[in-house]
Each structure stands twice: as C-alpha cells, then as structure tokens.
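The structure appears below as structure tokens.
4 protein chains.
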Amino acid sequence: MARTRREQAEWRRERLLDAALRTFAGKGVDGASVKDIAEAAGVTPGLLYRYFESKEALVETLLAERGFLPRLRELLAADHQERPATEVLTELLGAFDRLLADNADLVAVFFGATQARAALAELVGEGRRLIAGFLAARVAAGELRPHDTATAATTLFAAVAIGRRTGSPVDVAGLVDLLFPHGR
Amino acid sequence: MARTRREQAEWRRERLLDAALRTFAGKGVDGASVKDIAEAAGVTPGLLYRYFESKEALVETLLAERGFLPRLRELLAADHQERPATEVLTELLGAFDRLLADNADLVAVFFGATQARAALAELVGEGRRLIAGFLAARVAAGELRPHDTATAATTLFAAVAIGRRTGSPVDVAGLVDLLFPHGR
Amino acid sequence: MARTRREQAEWRRERLLDAALRTFAGKGVDGASVKDIAEAAGVTPGLLYRYFESKEALVETLLAERGFLPRLRELLAADHQERPATEVLTELLGAFDRLLADNADLVAVFFGATQARAALAELVGEGRRLIAGFLAARVAAGELRPHDTATAATTLFAAVAIGRRTGSPVDVAGLVDLLFPHGR
Amino acid sequence: MARTRREQAEWRRERLLDAALRTFAGKGVDGASVKDIAEAAGVTPGLLYRYFESKEALVETLLAERGFLPRLRELLAADHQERPATEVLTELLGAFDRLLADNADLVAVFFGATQARAALAELVGEGRRLIAGFLAARVAAGELRPHDTATAATTLFAAVAIGRRTGSPVDVAGLVDLLFPHGR
DNA sequence: CATGAATGAGGATTCATTCAT
DNA sequence: TATGAATGAATCCTCATTCAT
Chain S
1 MARTRREQAE
11 WRRERLLDAA
21 LRTFAGKGVD
31 GASVKDIAEA
41 AGVTPGLLYR
51 YFESKEALVE
61 TLLAERGFLP
71 RLRELLAADH
81 QERPATEVLT
91 ELLGAFDRLL
101 ADNADLVAVF
111 FGATQARAAL
121 AELVGEGRRL
131 IAGFLAARVA
141 AGELRPHDTA
151 TAATTLFAAV
161 AIGRRTGSPV
171 DVAGLVDLLF
181 PHGR
Chain B
1 MARTRREQAE
11 WRRERLLDAA
21 LRTFAGKGVD
31 GASVKDIAEA
41 AGVTPGLLYR
51 YFESKEALVE
61 TLLAERGFLP
71 RLRELLAADH
81 QERPATEVLT
91 ELLGAFDRLL
101 ADNADLVAVF
111 FGATQARAAL
121 AELVGEGRRL
131 IAGFLAARVA
141 AGELRPHDTA
151 TAATTLFAAV
161 AIGRRTGSPV
171 DVAGLVDLLF
181 PHGR
Chain H
1 MARTRREQAE
11 WRRERLLDAA
21 LRTFAGKGVD
31 GASVKDIAEA
41 AGVTPGLLYR
51 YFESKEALVE
61 TLLAERGFLP
71 RLRELLAADH
81 QERPATEVLT
91 ELLGAFDRLL
101 ADNADLVAVF
111 FGATQARAAL
121 AELVGEGRRL
131 IAGFLAARVA
141 AGELRPHDTA
151 TAATTLFAAV
161 AIGRRTGSPV
171 DVAGLVDLLF
181 PHGR
Chain V
1 MARTRREQAE
11 WRRERLLDAA
21 LRTFAGKGVD
31 GASVKDIAEA
41 AGVTPGLLYR
51 YFESKEALVE
61 TLLAERGFLP
71 RLRELLAADH
81 QERPATEVLT
91 ELLGAFDRLL
101 ADNADLVAVF
111 FGATQARAAL
121 AELVGEGRRL
131 IAGFLAARVA
141 AGELRPHDTA
151 TAATTLFAAV
161 AIGRRTGSPV
171 DVAGLVDLLF
181 PHGR
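Protein chains in written order, with full-length UniProt numbering: chain S, 1 to 184; chain B, 1 to 184; chain H, 1 to 184; chain V, 1 to 184.
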C-alpha cells in the first residue's frame, strides 16, 4: 500500500513481465496481443509502453531478465572436486530439470519465439560445453571410462530437456546410471 | 502439360502445401500471411481457399500429410530379428536423423506452431515406445544388459532431435556406443 | 454498371483521390484520418491500402497527379507575340486565378501539408520565372517601360495567390493597370 | 533566482509558449505532441496543463499573445503626415517584412494550422484596410495618382508576404517604385 | 479454375489528458 | 509547483476471408 513511486514502478514492471510470460506461454509470442498481456496484468495496453518500448522489446527483456542461463551457469560453475562423478552429474541434471520445471512458461516461450531460437541454441551449447568439460576432467582423472564426452554431454542435456518439454520427465538417476553403469 | 482436371488440382494442392511449408518454416506460422503463401506458390490468396478451408486447416493438413510419423513407423516396424542390436539402433537413429534433416522446414514448423505441440509430443512418444519395445526384447533375449529401457529410448531420441534442432547433429554411432559399450 | 475490372479499379482509385482531396482540404492532412477518407469515399479503410501504400503515399500521389503545375506551364508556354503585353498579362493572370479557384481544395492542401511546402515554392518560382521572362522581352521590345521585372513578376503572382487564399480575389485587370498604367 | 511565485509562474508560462512555438514551427501543430513541447521546455507533460487548458488552448494563446497583429497596427497607426508617400510606404512594408522575418516560426504555424486560417485572413485584411486608407488619403491630397487603392494595398502586402514565405524576400524599395514610379 | 476487389475485425502504437503523490 | 503513472480513444495499418466476375 504505502509504496513509493519508485517501488510502485518497479512492482508494476515485474507484474507486466509476469503477465507477459504467462500470456506468451499460453498463446505463443505471436498469438498473444499486447491487449491480452495488458488485460492479464489488469492495466491498459498504453501503459505497457511506458515500461517497454515495444512488444519486441518486451520479449527481449523477458528472455534477458527471466532467462535461466545465469542460474544454469552458477549450477555448473560450482566446484565438485571431491565427490563421485555420477553423484555430481545426478545433482546437476536434477537441478537443471527443476530449473526447466520451474520455468515451464519461459521454456514454452523459448521453444516458440523466433527471437528465442538463438537463445535456445546458446543455452544448450553452453550447458553442453560445461558438462563436457566436467566429464573430460573425470576421464582424465581415470574416474570415468574414456568416451566421447561431447556426445555424452549433449545426450544428457537433451534427454532432460525433451523429457520436460514433452511432459514426461526423465528419471535423472536412471539416466546417469544408463550412461555410466557402476559409476564408470 | 496434358493434365486432367483431377491431376491439375492435385498438383496445385501439393504446390500450395510446398509453398506453405517453406513460408511457415521461414516466417513462422503466425508470421506468414496467406498472401505470403499464395505469392510463394505464384497464385492469389483467394485460390488458396478453394483447396483449404482456412489457414488453420492448411497447417493441420501440412502436419497430417507431410508429418513424418508414418515414415517413422515404417522404419521402426521393420523386422530386425537377426542383426545385432547396436547395428539396428545405429541404423534406426541414423534414419531418424536423416528424416529430421530432410524435413528441416517441417521440424521448424513443429517446434514453433502452437497447434503442433501435441503432434510433437505424439511423435516423440510414439518413437519412444517403439524403441523401448525393441530394447526390451533384446534385453529379454539376453543380448543387451538389463537397463531402464524407457529412459534409454527417450535419451536416444532426444539426443538426435536436439542435435538437429540446435544445428550440431550428434554422431549416431558414437551415441549408441555411449549407451551400449561393447555392444551390450 | 457494366464496368470491366480494370475500369472499376481505375474509377475507384480516382474516387479515393477525390475523397482524399476533399477530406484533406477540410481537416488538413494531419487532421484527416484514413478512416475519414475511406468514409468520404464510401469504403472501408483497408481498401485504401490496395490502392495506395500508405497515407503518405496518398498525399504524394495527390500532389503529383492532381497538381496544377503542368497546366500552369501550358498557360505560360503559349506564344503571345502579336498582342499587347497588358492584354496578355491580364489573360494569363486571369487563367491563373481561375486555376486557383478551380483547385481551391488542392490549394488548401498545398498551404497546409509540410510535404507540400517544396511544391508550393516550386510552383511560385516557376510562374515567377516565366512571367519575368515575358516582361523582360516586352521591355526589350520597348513596349513596357524599363522596370524590375523579377519583382514585378513576384508581385503579380503573389497578389493573385493571396487574393484567392484569403477569400477576396483580386481584380486582375485592375492589378495589371496598377503596375502598367496606360499599358506601359 | 530570488523570484516571487508570481514571477516564476509568469516566467514558466513564457518558456512554455517559446517551446511550443519552436516545436510547432518544426513539426507542425498536429505533428508536435504535448510530450514534445514539454520536453522542449524541460518539464513534464502534466505541468503544461497547469498553464493551459488543452493543446488547442495553447495554440490559441500562441496566436493571440505572440501574433504580430498588434505590432502591425502600431506600425500602421503612426502619423506620417509630413513625409512623402513612397518613403512612408517603403518604411512600412520594410517593417512588415522584418516582422515576418523575425517571426518565421510563427508564420510557419500560421500557414500550417487549421485553426490559424481565420487569423491569417484577418491579418491580411487588417493590413490591407490600413494601407488602403493611407493610399486613399494621399490620392485625395493629390500626392499619388488616382488608382485602385484596395488592389494596390493587397498587392503590396501579398508581394512581401509571399516573398518571405517562399524564401526569396522581395526588394521593398523596388516594389514601391514599381507601383509608384517617380513617387506617384 | 482463378482472380482480385472488398470487408471487418483486430494488430501495435501514440497521444491528449487526468490525478494521486 | 511539479511529477509521472495510468487511461481510453484514436491512429495507421495488416490480414484472413468472401465473392462477383
């Protein structure tokens, strides 16, 4: 109630992003009109333009501010030196899976919006590189059997992503055990 | 030249579907106007309505007639009794990969169109079931080690699909070897 | 009634230009909406865009196709060798005056539209040059007293134009007699 | 700095009128938004409404307060009894010419704004009447030859105005000499 | 079969204006 | 006094669709 101007504006901006995310996820970026979004946020279309330059800018802001790439990087950046590779992998993929589940709306936008194609490729590429690096280190350490780490990384990532996307999430522990039976 | 009425109509219909596929793939289903499609086919928008009830019907027809689910089913339905499982899998996934590559336009539509979400899920689900069945049979026959066949099927499929989608196709033989080292 | 497609289109285009001219003259170019124009033409706004790319293009077309500069040139290009200068001038300015009166709507657009500024200057400049040339020739021939022909030309033109513009047309014969009393 | 409330308000009002004049001249009355004007004045749009009831009222105020009709009247009202008519005329028209040059922005608004049409006609009408009166007096006094004083007045005025408007100012002395050679 | 003129609904966006702070 | 969040109506324009020719 007792909000300052600044707070109120910040709050409204976030509510608009929320509404946009929901609406885009439901109707697709092209299918959702500015009016739809405004209605979902309980305001008039005109107001949207005080906060975002255009519909396109809104989509970009959504991808930039609500994108989970930063959080993905955090997850993967952690230091896992001491623990067994399969345990770390299971935890990592589980976190990724949860990230996707928690951001189902955003994932929907990601898969749909033309503008998001590049972002999607970047996301997958980044994850792949980081996981592949981790795997290679553990192979070098003799913990994991030698294998094509790039393909393995893609595979792990893809399985989780497609599982979420098609509505039948994969069992992460099973997945890891599939690629590295007996922890190798 | 000497085409019967029936043939001419059939031919035009196919050309319209071609044009629609190309245009949708390029601009997205929502982004492509009926005029765009008609122009791509070298006709006027009005004519499109002699062949398809609406733009939506056009999309549905495209998905139904040009969808590769039938061809996927053919691939998987073949009898592979005699040959080693990994060989069959490699061949199967390779064929799937080629299917995706050959139908890049359609895949683009699949991933983008809201209407196609269900179709996508169905496609993956179907493929998964069939592959899982194949794997289970080979496990039962003692050829493959016991493992979570459902997860394995999802994983194989997903890796190929995401690989194509993100523009860095996976090495199919490597993929199979990853899950079943030494053919097991 | 029995109009061919081509004729009908041509006719409609002209009606749209008519309607635009009337509407622009009444409300100004910025003040007149595309809807206003369409209504004045008895059609829907959308149709306007089959005939003109944009509202701006419509204005330009109006100025280009309905502009009277060509007719002004014709008037001034005629050969008047034999007749007294004042008679020729009176006739010329009278014709110019009638041109303005007949195109009152267009004149209104000319004075108002930013895009038309240049056209207005061109119109006046052209007329000025041609009249000045005529005057100079007659001075050289000894028919008219020596005088600043450029200023005279501007003055004659301006008097007629402002007279029309402010709704109190000038008496053309009186005007000529004012500058060249006793025909000199 | 140490301004009273009253002074500050007066000052702000004038600054708003300045900004409006500049902005209208540049973009046209319809083309300039209230936001544009406010920005040009370094304030927010809302403030404008403390000083003027509406955008239209702003235009009217501009025309009323910044219009040069009062100054034109002053010019023409002066008593010129003793001096030769052509000298007075030259001075008068020169002053008018300078008035137009100094108020180029306002003239632009005058010619453009629909609301200003009437004001333009009034301006010209007033000037015409006053000049015509002056001419008639001098004809009556036998200084100038008998002539159509109304037409002469229109002509003098028009030549100066159109000269300015089209960017090629007329030579005032030459103009007077044109109508009254040898001062008659 | 094929055209293209015409419509009506809806799209994104701008803008004059109001009002709580 | 001055701000800037919010509105609602209007603007230009696009588009799927229909239908007379």
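Even for Gly, the Cβ is constructed at its ideal location relative to N, Cα and C.
Backbone CA spacing between residue i and residue j [nearest angstrom]
i, j, result
"B:A148", "B:L175", "Before going on, a small fix: residue 148 of chain B reads as Asp here, not Ala. C-alpha separation (whole angstroms): 17 Å."
"H:R138", "H:L99", "25 Å"
"S:L58", "S:Y51", "9 Å"
"H:G125", "S:A64", "57 Å"
"V:L48", "H:A159", "40 Å"
"B:A132", "B:A150", "5 Å"
"V:P70", "V:I37", "26 Å"
"V:E143", "H:E122", "39 Å"
"H:F24", "V:L135", "39 Å"
"H:L178", "V:H182", "14 Å"
"S:L75", "S:G127", "10 Å"
"S:R73", "S:F96", "10 Å"
"H:F110", "S:D105", "54 Å"
"B:G67", "B:E60", "10 Å"
"S:M1", "S:D102", "Bear in mind that the predicted position of S:M1 carries a pLDDT of just 47, short of 50, making it unreliable; the figure below should be weighed with that in mind. Looking at the two C-alpha atoms, the distance is approximately 29 Å."
"B:E7", "H:L16", "43 Å"
"V:V29", "V:E53", "16 Å"
"H:R145", "H:V34", "54 Å"
"H:A32", "V:R22", "24 Å"
"V:R83", "V:L130", "17 Å"
"B:A108", "B:K27", "10 Å"
"S:L93", "B:D79", "36 Å"
"H:F180", "H:T86", "7 Å"
CB contact check: residue i to chain S, cutoff 8 Å
i, result
"B:F111", "yes"
is_contact[residue i, chain B] using C-beta, thresh 8 Å
i, result
"S:A158", "yes"
"S:M1", "At S:M1 the pLDDT is 47, less than 50, meaning the model places this residue with poor confidence; the figure from the coordinates comes in the next sentence. False, the Cβ-Cβ gap to chain B never drops below 8 Å."
"S:V107", "no"
"S:G174", "yes"
"S:L92", "no"
Any C-beta of chain H under 8 Å from that of residue i
i, result
"V:A119", "no"
"V:V124", "yes"
"V:G63", "In the sequence as displayed, the identity of residue 63 of chain V is Leu instead of Gly. No, no contact with chain H."
Contact with chain V by residue i, beta-carbon distance below 8 Å
i, result
"H:D30", "yes"
"H:V139", "no"
"H:L76", "no"
"H:L179", "yes"
Exercise for the section: Please list the residues of the segment 145-170 of chain V that have a C-beta atom closer than 9 Å to any C-beta atom in chain H, keeping them in chain order. Expected result: Answer in chain order: R145, H147, D148, A150, T151, A152, T154, T155, L156, F157, A158, A159, V160, A161, I162, G163, R165, T166, G167, S168 and V170.
Problem - Sufficient close CB pairs (3 or more, under 8 Å) joining the segment 145-162 of chain V to the segment 159-169 of chain H - result: Segment contact: the segment 145-162 of chain V against the segment 159-169 of chain H, three or more CB-CB distances shorter than 8 Å; contact assigned.
Practice task
Please list the segments of the beta strand (DSSP E) lying wholly inside the segment 54-87 of chain V, counting only runs of 3 or more residues, in order along the chain.
Solution key: As far as the segment 54-87 of chain V is concerned, it has no whole beta strand (DSSP E) run of at least 3 residues.
Problem - Every unbroken alpha helix (DSSP H) within the segment 115-147 of chain S, with a cutoff of 4 residues, ordered by chain - result: Fully enclosed alpha helix (DSSP H) runs of 4 or longer: 116-140.
Problem - Any 3 or more C-beta pairs closer than 8 Å across the segment 2-16 of chain H and the segment 36-49 of chain H - result: The segment 2-16 of chain H is in contact with the segment 36-49 of chain H.
Problem - chain V contacts made by the segment 36-60 of chain H, where a contact means CB separation under 8 Å - result: Flagged: no residues at all.
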